[in-house]
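Before any comments, here is the structure.
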Amino acid sequence: MYALSNVDSYRYRPSATHPEIYVLAIDRIASDGVVSISSDQQLSLFRPSAGLSSGPTASWTTSHGNLNSLGVFDWQSGIVCTAGEDGSVGVWDLRLAGEGAKVAQFTASQTPILSMACSASTQTIAVGTELQNHTASILLWDVRSNPAPKAAYHEVHSDDVTTLAFHPSTPELLLSGSTDGLVSVHDTRIADEDDLTVQTFNHNASIHHAGFLTNTEVVALSHDERFALYDMAEERPSGDATQDFGDMRTVLDCQYVADVTPKLDGSGAIVGAGAQDRQSFELTFMARTPQHGWVLSREDAVSMPGAHGEEIVRSFCFFDEERVVFTAGEDGHIRAWRS
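Below is the structure:
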């Protein structure tokens, strides 16, 4: 394990209306851009080469009631989406200044949106909703010109839809996860909702995060930090895991897992986990070995001493080519880390 140093940071400034600010999510765009959403309803763009401490190069106030979802629609062009409590979705072109950056806003759902996924290749935005009136929905919108509804699925989950992800090479396949404990893969080319689910995996715990690790393998993390891998290529009638890592708090000696992010080159994934009582956050690489399948390489883990103090790290992203990691936390900070 080796340690990174906190080389730059920015703290969101509290106000009378927002005395405590959480940074809810961050992601990378273009070659030098970090975009964030925060609990003061702001969408912010940073250019790290200019220094985080100088603040965002641009910031916009969103109008979703409570903002809770950020999706990168086209990372090279800097187009992102936001969504939240009032069921609306905003589409933003961060190359544009001022109010002109919001190129669309539409009501995608009559219930709060909890999750979102974006596909530039199919010009589709998918949103997952909270359970209301015994229904939790996945709604697809076509945004080629004026946003228009594309499909609506109301029976694939029996509780909140907490995570969504499009397949990396076949974007017609959509993965969903829910607090009902199921992770499912759907073929959105199939019109009949009874037939569109091609695979269902039973994680037996409320899903916090799920996504595609490879073309066939799926990763799932529960709200109680249970972690497992599933494979669409293997027919397992009960939907069991191909690899079950168990409770990550024991495996990684942590208190929480912030996220699991697949590497862009398909070589594995990065697991971000923290411990508030030690004021620490670590990135652990997960790679495939011929003998043992997927393994977590603790000896190659990267630590960020001090992290965000005693507050939770909500999100992280990294620029491999610049060898820099960005973290965002409930202390209202975005931090940059280098070796």
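Numbering of the sequence shown is given in full-length UniProt numbering, commencing with residue 1 and proceeding in unit increments.
Think of the CB as a built atom: it goes at the ideal place given N, C-alpha and C, for glycine as much as any other residue.
- Item | I29 vs C81 beta-carbon contact at 7 angstroms | no
- Query: Are the region 61-77 and the region 25-45 in contact at 8 angstroms, needing three or more beta carbon pairs?
  - Reply: yes
- Touch check for the region 144-157 and the region 47-64: three-plus C-beta pairs under 8 angstroms? They do not touch, by the three-pair rule.
- For A241 versus G274, is the C-beta spacing smaller than 7 angstroms? no
- Message: Using 8 angstroms as the cut-off, can you tell me whether the region 95-111 makes contact with the region 153-173, which would need three or more C-beta pairs spanning the two stretches below that distance?
- Response: no
- Please name the residue in S38, S15 and S9 whose C-alpha comes closest to that of G48. In the sequence as presented, Gly is not what sits at residue 48; that position holds Pro. Cα-wise, what sits closest to P48 is S9.
- Could you tell me the boundaries of the alpha helix (DSSP H) in which R13 lies? No alpha helix (DSSP H) contains R13, which DSSP labels as neither H nor E.
- Message: Can you give me the C-alpha to C-alpha distance between F316 and Q291, rounded to a whole angstrom?
- Response: 30 angstroms
- Task: Mind reading off the beta-carbon distance from D40 to H18? Whole number of angstroms is fine, and I expect it under 8 angstroms.
- Result: 4 angstroms
- Item | Separation of E311 from L52, as counted between CA atoms | 20 angstroms
- Item | Residue range of the alpha helix (DSSP H) that includes M248 | M248 to V251
- Query: Name the DSSP beta bridge partners of G78, please?
  - Reply: According to DSSP, which records beta bridges pairwise, G78 is partnered with nothing at all.
- Task: May I ask you to verify whether the region 204-213 touches the region 243-254, counting CB pairs closer than 8 angstroms and requiring at least 3?
- Result: Note that the region 204-213 does not touch the region 243-254; fewer than 3 beta-carbon pairs, one per stretch, sit closer than 8 angstroms.
- Residue from P262, S280 and P171 whose Cα sits closest to the Cα of G309: S280
- Item | Exposure of M1, with buried meaning 16 or more beta-carbon neighbours within 10 Å | exposed
- Message: Taking the straight line between their C-alpha atoms, what separation do you get for D277 and N66?
- Response: 29 angstroms
- Message: Residues in the same chain with beta-carbon distance under 8 angstroms from S137, minus the five sequence neighbours each way, listed in chain order, please.
- Response: S109, T111, G128, T129, A152, Y153, H154 and V161
- Item | Where S54 falls: helix, strand or coil (DSSP) | helix
- From which residue to which residue does the beta strand (DSSP E) around Q177 run? The question names Gln, yet the displayed sequence has Gly at residue 177. Note, G177: beta strand (DSSP E), L173 to S178.
- Query: Beta-carbon separation of S171 and L213 under 7 angstroms?
  - Reply: Here the sequence assigns Pro to residue 171, which means Ser is not the residue at that position. In this structure, L213 does not lie closer than 7 angstroms to P171 by Cβ.
- Starting from D331, trace the beta strand (DSSP E) both ways and give me its first and last residue. That residue, D331, is in no beta strand (DSSP E); it is neither H nor E in DSSP.
- Task: Please name the residue, chosen from V251, G293, Y256 and V325, that lies closest to S267 on a Cα-to-Cα basis.
- Result: G293
- Message: Is it buried or exposed, V143, if we count other Cβ atoms within 10 angstroms and call 16 or more buried?
- Response: Its Cβ being crowded by 16 or more others within 10 Å, V143 is buried.
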